[in-house]
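Working notes, structure below.
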Amino acid sequence: MEIYFDELSPYRTHQHEIVEEPGSKPTFRAPYRLSPTELADMKKQIEYLVAKGLIQPSTSPYGAPVLFTPKPDGSLRMCIDYRALNKQTIKNKYSIPRMDDMLDQLWGATVFSKFDLRSGYSQIRMADDSIHKTAFRTRYGSYEYLVMPFELTNAPATFQAKINQILRPLFDECVVVYLDDILVYSRDMQ
140 MEIYFDELSP YRTHQHEIVE EPGSKPTFRA PYRLSPTELA DMKKQIEYLV AKGLIQPSTS
200 PYGAPVLFTP KPDGSLRMCI DYRALNKQTI KNKYSIPRMD DMLDQLWGAT VFSKFDLRSG
260 YSQIRMADDS IHKTAFRTRY GSYEYLVMPF ELTNAPATFQ AKINQILRPL FDECVVVYLD
320 DILVYSRDMQ
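For the sequence shown, the positions run 140 to 329 when the numbering used here is used.
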């Protein structure tokens, strides 16, 4: 079953901030060469992201190139190459759950429900002072994210911290969480 909203609330309680090493300068890389198919797909994706309020036009001195990776269904995933920005970002060391600990927690469970949060990272806004750092360059102009893109080095830690905050009361009772994958479990149907 898929449950999702077509629109996202402009207000969210948790924000993602990009904190760079002292003395860092804005990162900029020229756009990559893309195929006609990739360009057409990029144009559609940019129009969609702008219409949904997830990105906006940018005049930032930062700028990352765009590339595409294939999805299992054959469609293309637009990815922003933030490697230069990630290199100078101070790393958030928030602990991601250990797989063996989660498996131990499931011992004896027989009933499971799995949730994969659709566009989970987009539920977290960028901090106002970090929006310009997410700028990416295209032949159609420069854009910046208003929500957290998944390619940022600290995005998994930020997302895990937020989802843990929300679901913490259910830990050790009936839920395990690994990033945007949530597993609800029970020993029986009760």
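The beta-carbon is built from N, C-alpha and C at its ideal position, and this holds for glycine as well.
Fair warning: this is a prediction, and the values are worked out from it, not measured in the lab.
### Query
Going straight from the alpha carbon of Glu186 to that of Asp243, what length do you get?
45 Å
### Query
If you compare alpha carbons, which of Arg326, Ser269, Val323, Ala203 is closest to Ser281?
Ala203
### Message
Please tell me whether His155 and Ser269 are closer than 8 Å, where the distance is taken between their beta carbons.
### Response
yes
### Task
Could you spell out the range, first to last residue, of the beta strand (DSSP E) harbouring Asp320?
320 to 325
#### Entry: Exposed unless 16 or more other CB atoms sit within 10 angstroms - verdict on Asp320
exposed
### Message
Within a Cβ cutoff of 8 Å, which residues of the same chain sit near Leu318, ignoring the five residues on either side of it in sequence?
### Response
Ile235, Gly259, Pro295, Phe298, Gln299, Ile302
### Message
With the cut-off set at 8 Å, would you say Glu177 and Leu224 are in Cβ contact?
### Response
no
### Query
Is it right to say Thr228 is buried, meaning 16 or more other beta carbons lie within 10 angstroms of its own, or is it exposed?
buried
### Query
Going by the CB atoms, is the gap between Phe167 and Pro200 shorter than 8 Å?
yes
### Task
Could you check how far apart the C-beta atoms of Ile194 and Glu283 are, in whole angstroms? I think they sit under 8 Å.
6 Å
### Three-state secondary structure (DSSP) of Asp239
helix
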